[in-house]
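Numbering (our numbering), first residue to last: 13 to 145. What follows is a short report on a single structure.
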Amino acid sequence: MDAQTDVSLLRPQMALRNMNSGNIFYMPLTSFAEMWYQIFLWALLSSVFVHTIAGAICFATLRQHKYGKFFPLLIIIMGVLLPLTSGVVSSAAVAFVYRASGYQMPPLYAMFWGIGQTVVPVCVGFTRILATL
């Protein structure tokens, strides 16, 4: 009887230790929803960050223009709308490929994929690759 009570007393501690054994930043993302959400959030936050900086520069430059001072609002709105439309689709595509192949995604990779969705369009915009097409 004592052996059973000792085992039952140890079980909650073992379960607690197993739950807290990994840091949340190192636990791999396994489901489609986890991967998609993490990639999407990084894409949204990085896009809002970049577009806020661009809006601040635009406002500082055009603050005395009659209508130009309202242009930063459009830049910031686009910084939110673009990830909410194309960012959702591209994040889902990346998460689908990882999930279909059976790979687990480290959260650091989700950060790279999300920030990459902002960095690539910024590089294309600065290099004017589209103007040559």
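C-beta atoms are modelled at their ideal positions from N, C-alpha and C, and glycine is treated no differently. From a predicted model like this one, the values you see are computed outputs, not experimental measurements.
Alpha helix (DSSP H) containing Y110: first to last residue? Stepping through the sequence shown from its first residue, residue 110 is reached at position 98. Per DSSP, Y110 belongs to the alpha helix (DSSP H) from V100 to S113.
Starting from the N-terminal side, write out each stretch of the alpha helix (DSSP H) that is 4 residues or longer and does not extend beyond the segment 38-88. For the segment 38-88, whole alpha helix (DSSP H) runs of length 4 or above, ordered along the chain, are 44-74.
Where does G114 land, buried or exposed, given buried means 16+ other C-beta within 10 angstroms? Numbered from 1 along the sequence shown, position 102 holds the residue referred to as residue 114. Exposed, since its Cβ has fewer than 16 Cβ neighbours within 10 Å.
Q129 lies in the alpha helix (DSSP H); which residues open and close that run? Position 117 of the sequence shown, counted from the start, is the residue given in the question as residue 129. Note, Q129: alpha helix (DSSP H), P119 to T139.
Out of T42, V62, A105 and L57, state which residue places its alpha-carbon closest to the alpha-carbon of M123. Taking the first residue of the sequence shown as position 1, residue 123 is located at position 111. It is L57.
So I65 and G126 are in contact, right, with Cβ under 8 Å, and what is the actual spacing, rounded? One-based indexing of the sequence shown puts residue 65 at position 53. One-based indexing of the sequence shown puts residue 126 at position 114. Between the beta-carbon of I65 and that of G126 there is about 17 Å, and that puts the pair past the 8 Å contact cut.
Same chain, Cβ closer than 7 Å to Y110, five either side skipped, listed in chain order: Taking the first residue of the sequence shown as 1, we reach residue 110 at position 98. Taken in chain order, the residues that qualify are M47 and M117.
Can you tell me whether L94 is helix, strand or coil according to DSSP? To locate residue 94, count along the sequence shown from 1; it is residue 82. L94: helix per DSSP, three-state reduction.
Taking only the alpha-carbon atoms, compute the straight-line gap between V60 and V131 and give it to the nearest angstrom. In the sequence shown, residue 60 corresponds to position 48, counting from 1. In the sequence shown, residue 131 corresponds to position 119, counting from 1. Computed Cα separation, rounded: 12 Å.
Nearest by alpha-carbon distance to F44: which of A104, G91 and S98 is it? The residue you call residue 44 lines up with position 32 of the sequence shown. When each option's Cα is compared against that of F44, the closest is A104.
Taking just the CA atoms, how far does R75 sit from Q129? Taking the sequence shown and counting its residues from 1, the one referred to as residue 129 is at position 117. Taking the sequence shown and counting its residues from 1, the one referred to as residue 75 is at position 63. If you take the alpha carbons of Q129 and R75, they lie about 30 Å apart.
Nearest to L53 by alpha carbon, out of V100, T139, F108 and P84? By one-based count along the sequence shown, residue 53 stands at place 41. Closest by alpha carbon: V100.
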